[in-house]
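Residue 263 in our numbering sits at position 270 of the sequence shown, with consecutive numbering throughout.
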Amino acid sequence: MRIDAFDFDVPRDLVAQRPAESRGQARLMALPPEGSPDHHVVAELPGLVPDNALIVLNDTRVVPARLVGRKRATGGRVELLLVRRMPDRAVDLEGGPPRPVEVWQAMGRPSLKPGTDVEVLPRGSRPEGSALLVRSLGRARDGLLEIALWTRSGEPVAAALRACGHVPLPSYIKREDGPDDVSRYQTVYARHDGAVAAPTAGLHLTHDLLRRLADRGCEVAFVTLHVGLGTFLPVQVDDLDRHPMHTERFVVTASAAQAVARARARGAPVVAVGTTTARALESAADMEHPGYVQATDRETQLLIQPGYPWRIVDGLLTNFHLPRSTLVALVCAFAGTARVLEAYRLAIHERYRFFSYGDAMLLWRSR
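Written out as structure tokens, the structure reads:
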């Protein structure tokens, strides 16, 4: 399908630069299968889904993936965005014997030549934590950098990342990350490190809201999809069929698969919180048992566009997305292109806030 089918203009002042004052207070447009949209706030979600629904969440945790450092040889500024962790590798560091270090793929300037060492200091004036050291190992076939990460002190790289890394806010947020972003650009149920962008629909949810869903008889299950470039890279081709999706690691546990089976047994809808959750569930669909998923731990390159045969997801909570993106294509595939784009026009008229820190919509699958 042509990408210009998903084109529209979002006024600059509707691009949310900060989250709502508190989780749950973002606006929520509820788009029923037929009829006009209703306007709510996310805190009202428990009253907008069936009492026996299965609510599925993506429990990935965003890592502080934006690194700002200096070349150790020249002092030149270097900025990197971690994208995907690779298998550890033995590297000869600082003249010592080769030892295993973390290896990541990252986005960075082509001028960062193999063998260049970079030092990333703890943010601000924090005394705790050692510097994070980075070495460029070259470029992968897809053009991304491969870098080694280690600490001279032997402190775990994950701890150094927490002290030295920045919250990887999207480029349309025109400010530096701050202390509040450390918590607000993270879901309250995040538990598995690996994402370099937040599963943004989940940013609205609170423990109290999840408790109220449970009180109404809804079951809650978790999947993990480590959000990477595959979700957010701009589409640079006219035909979506030619768009190269990057791989993203996802996990659907046996527990999540059993929760889907229980929902099917009681005739309950499966409601995915976020497009990443939807992609994980659809990627795990059991082709021999329609409507069910298989437990799995692998990578996905699934690109969903109009015409896609939905197998698992019945309801979708999602934010308002970038024009000409695979995310808008997914939402249009779910609820109908004309209907979704008309809802987007209404959202702009009603001054809903867009993108990662913006407002949300609740949709039901078109039949």
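Every residue gets a Cβ at the ideal spot worked out from N, C-alpha and C, and that includes glycine.
Beyond the five residues adjoining it in sequence on each side, Q10 comes within less than 8 Å, by CB distance, of I166, K167, R168 and Y350 in the same chain, given in chain order. Apart from sequence neighbours up to five positions away, the residues of its chain that approach T53 with a beta-carbon distance below 7 Å are A183, H185, G187, A188, P192, T217, L218, H219 and V220, ordered along the chain.
In this structure, N51 keeps its C-beta atom at 7 Å or more from the C-beta atom of G308. Secondary structure note for R168: it is in no beta strand (DSSP E), with a DSSP letter that is neither H nor E.
Scanning W97, V321, V35 and L38 for the CA closest to the CA of R59 turns up W97. Within the same chain, Cβ atoms closer than 7 Å to the Cβ of A336 are found at M22, L24, P30 and M354, the five residues on either side in sequence being excluded.
F1 counts as exposed, since fewer than 16 other C-beta atoms from the protein chains shown sit within 10 angstroms of its C-beta. Boundaries of the alpha helix (DSSP H) around Q251: A247 to A258.
Listed in chain order, the beta strand (DSSP E) elements of length 3 or more contained wholly in the segment 254 to 310 are 263 to 266 and 289 to 293.
In the assembly as shown, R235 is an exposed residue. Its beta-carbon has fewer than 16 other beta-carbons within 10 Å. Within the same chain, W357 come within 6 Å of P26 by CB-CB distance, once the 5 residues on both sides are set aside. Using a Cβ distance threshold of 7 Å, R257 and G284 count as a contacting pair. A residue is called buried once 16 or more other Cβ atoms fall within 10 Å of its Cβ, and G101 is buried on that count. The beta carbons of S123 and A153 sit about 6 Å from each other, so the pair counts as a contact at 8 Å. Contact annotation: A36 and L73 have beta-carbon atoms that are not nearer than 7 Å. Following the DSSP letters along the chain, one finds E335 inside the alpha helix (DSSP H) bounded by residues T330 to H342.
For E148, the closest of E95, R272 and H200 by C-alpha to C-alpha distance is E95. Per DSSP, L154 is one residue of the alpha helix (DSSP H) stretching across V150 to C157. Per DSSP, the unbroken beta strand (DSSP E) holding A353 starts and ends at A353 to W357. Here V324 carries a helix assignment [DSSP, helix/strand/coil]. Taking 7 Å as the cut-off, the beta carbon of F348 is found no closer than this to the beta carbon of V55.
In the DSSP assignment, the residues bridged to T217 are V244. Of C325, L323 and F313, the smallest CA-CA separation from R20 is found for F313.
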